Structure formats: C-alpha cells, structure tokens
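Engineer: Before I ask anything, here is the structure I am working with.
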Amino acid sequence: MTKAYERLQKCYEAFRAKIDFQPKVALVLGSGLGDYADSIAVEAVLDYHEIPGFPVSTVSGHKGRFVFGYVGAVPVVVMQGRVHYYEGYAMEDVVLPARLMKLMGAEILFLTNAAGGVNFDFSAGDFMMITDQIASLVPSPLIGPNEERLGLRFPDMSQIYNRGLCQIIREAAASLEIPLKEGVYIQLSGPNFESASEVRMCRILGGDAVGMSTACEAVAANHMGMKVCGISCISNLACGMTDQPLSHMEVQETADRVAPLFKSLITESIIRMGKED
Ligand code: HPA
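Per our numbering, the sequence shown starts with residue 252, numbered consecutively.
Here it is, written out as structure tokens:
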C-alpha cells in the first residue's frame with residue numbers, strides 16, 4: 252500500500268467513525284460560494300481539523316469543513332474551503348479531499364471556482380462551464396508510486412468533464428435563463444496573478460479562463476473513475492485585458508455579487524443530476 256493511500260485510509264476511518272452518510276455528489280465551493288453550504292438541508296458537519304492528516308487552508312474567506320446534507324433529494328457532501336497548491340501543499344495534499352469524497356461514496360465531483368477570463372468574449376460576472384482543461388503547467392497529482400486501488404498508472408483523460416453532466420448543466424442554466432459560457436480552464440500555480448504576457452500565452456494555448464485550482468482535482472478524480480463537472484465564475488478579466496490592476500478584493504466582490512445566481516445554477520444542476528442514472 253502506498254503512503255498516500257495509507258493516509259487517505261486513515262482520513263476515511265476518521266470520517267466513518269463520526270459520520271454515517273453516503274453522498275452521491277461531492278461539491279467543492281470556490282470563492283464567494285462558501286455560504287452555499289448553509290443553504291442546504293444539513294445532516295452533519297465535519298471540521299477538517301477533526302480529520303488527522305487532513306490539509307487545512309490558510310486563505311482568508313475559506314472555511315474548512317465538510318457539510319453533509321441534501322440538495323432537493325440528492326445526498327451531497329459540500330467542501331467549504333479547499334487547499335491550494337500555492338499555499339505550499341504538495342499536490343497529493345491538494346487532491347486528498349477529492350479522493351476522500353470518492354471513498355465516502357460520491358460518484359460525481361462538481362468543482363467550482365473563481366477564475367480570470369482570458370477569452371475576450373467574456374465579462375466579469377459571467378459563468379463558464381468547463382468543457383476541458385490544461386493542467387500541464389502545474390505538476391500532476393498522480394506523480395509518484397501509483398496506487399492501483401485508486402486507479403490506473405496511465406489514466407485516460409479524453410473526457411475529464413463528463414459530457415452527460417455538461418449537458419445537464421446546460422439544461423439547468425437554460426431553464427433558469429442564466430447565460431452560460433463554455434470553455435477551457437487553465438490552471439497556473441499562483442499565488443501571483445499572471446502577467447499580461449502569461450495571459451496571452453494562456454489564450455494562445457487554448458485557455459478561456461485561468462485560475463489556481465480545480466484542474467489538479469479533476470485529474471485525481473478522473474484517475475479514480477469519478478464523473479466530473481465544473482463551473483467557473485469569471486470574477487475578472489485577466490491581466491492585460493483591461494487597464495486596471497487585479498486584486499483579490501475585486502475577485503471576491505464579483506464572486507459575492509453573482510453568488511445568488513451561481514447558487515441557483517448549482518442547485519438546479521444537482522437536482523437534475525439526482526434524476527440521472
Ligand atoms: N488569474 C488567476 N486566478 C484567478 C484570477 C485571475 O485573473 N481571478 C480569479 N482567480
């Protein structure tokens with residue numbers, strides 16, 4: 252057994268000792284969405300501190316707990332706060348929560364984030380459903396000995412974002428009359444925002460939105476055979492696309508402003524996912 256798996260198993264045992272709940276959907280909340288967890292029908296809460304060896308975030312505005320409950324009739328586990336590679340954690344730590352939620356029973360990983368718009372057709376406040384990603388500018392979370400119990404050494408990545416789930420999100424957005432952009436998410440390490448030239452690089456490489464999370468989690472989840480989907484809140488146009496310097500405050504303010512719409516899109520999408528199988 253690899254060290255990573257041993258650790259994961261310990262986390263799972265700590266969860267199992269405290270919580271009796273099997274989620275279908277695992278939802279990761281990005282900036283501005285933290286209080287979504289308070290709006291679900293909560294059954295149980297597990298603070299990250301209660302799980303030995305679990306990575307805990309240092310970013311302000313990120314809480315640190317799993318919330319278990321129901322969105323409509325769908326059992327969900329919600330991650331209120333995630334850890335980022337730029338905090339200094341190893342990729343193995345960054346993806347441990349996603350792996351743990353799979354062990355809890357979640358079949359679907361629903362990733363959300365705030366991201367910079369790279370595509371000139373985007374505006375601050377837009378939502379972009381992620382259709383594919385570029386993760387190759389940060390280390391793969393699968394580097395190191397492979398744990399066969401998790402997945403294959405060389406896993407396929409031809410459909411990282413599950414097409415069926417993407418279609419459900421499209422239909423959910425249409426039913427709520429929420430405009431939905433689509434595109435490729437590109438993950439950079441952060442924590443600094445990009446230079447204007449790096450943003451141009453992202454565009455040339457095929458990115459539509461740039462951020463500091465998500466893609467590595469999607470790789471780890473695909474490795475484990477989870478179905479993955481994701482939505483970015485375009486909190487700002489990326490560096491060089493406007494005259495203004497970027498700040499975390501701007502990211503937070505836009506994310507907070509559109510959070511009510513974002514939440515209704517997530518709720519409608521999850522309810523529809525619960526009807527699939
Ligand atoms: N770049 C990277 N990450 C981000 C941005 C950005 O412009 N906005 C929100 N997260």
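No residue lacks a Cβ here, since even glycine has one placed at the ideal position from N, Cα and C.
No experiment lies behind these values; they were computed from the predicted model shown.
Ligand 1 heavy atoms versus the CB of Cys417: any closer than 8 Å?
Structural biologist: No, ligand 1 has no heavy atom inside 8 Å of this Cβ.
Engineer: Less than 7 Å between C-beta atoms, sequence neighbours within five positions excluded: which residues of the same chain meet that for Ala386?
Structural biologist: For Ala386, where only same-chain residues beyond five positions count, the Cβ hits under 7 Å are Gln438, Ala466, Cys467 and Val470.
Engineer: Would you report the Cα separation of Val322 and Ile522, rounded to the nearest angstrom?
Structural biologist: 7 Å
Engineer: Please classify Gly368 as buried or exposed, where buried requires at least 16 neighbouring CB atoms within 10 angstroms.
Structural biologist: buried
Engineer: Is Ile307 helix, strand or coil by DSSP?
Structural biologist: In the sequence as displayed, the identity of residue 307 is Val instead of Ile. Three-state result, Val307: coil.
Engineer: Measure how close the beta-carbons of Gln331 and Arg350 come, nearest whole angstrom, since I'm counting them as under 8 Å.
Structural biologist: Going by Cβ atoms, the distance from Gln331 to Arg350 rounds to 18 Å, so no, they are not a contact pair.
Engineer: Once DSSP output is grouped into helix, strand and coil, what is the label at Glu264?
Structural biologist: helix
Engineer: Below 8 Å, is the gap between the Cβ of Glu468 and the nearest heavy atom of ligand 1?
Structural biologist: Look at Glu468: its beta carbon is at least 8 Å from all of the heavy atoms in ligand 1.
Engineer: Exposed or buried, what is Leu360 when buried is set at 16 or more other beta-carbons lying within 10 Å of its beta-carbon?
Structural biologist: buried
Engineer: Just to confirm before moving on: does the CB-CB distance between Ser483 and Thr363 stay below 9 Å?
Structural biologist: yes
Engineer: According to the Cβ coordinates, are Leu393 and Val329 closer than 9 Å?
Structural biologist: no
Engineer: Quick one: does the C-beta of Val461 sit closer than 8 Å to a heavy atom of ligand 1?
Structural biologist: yes
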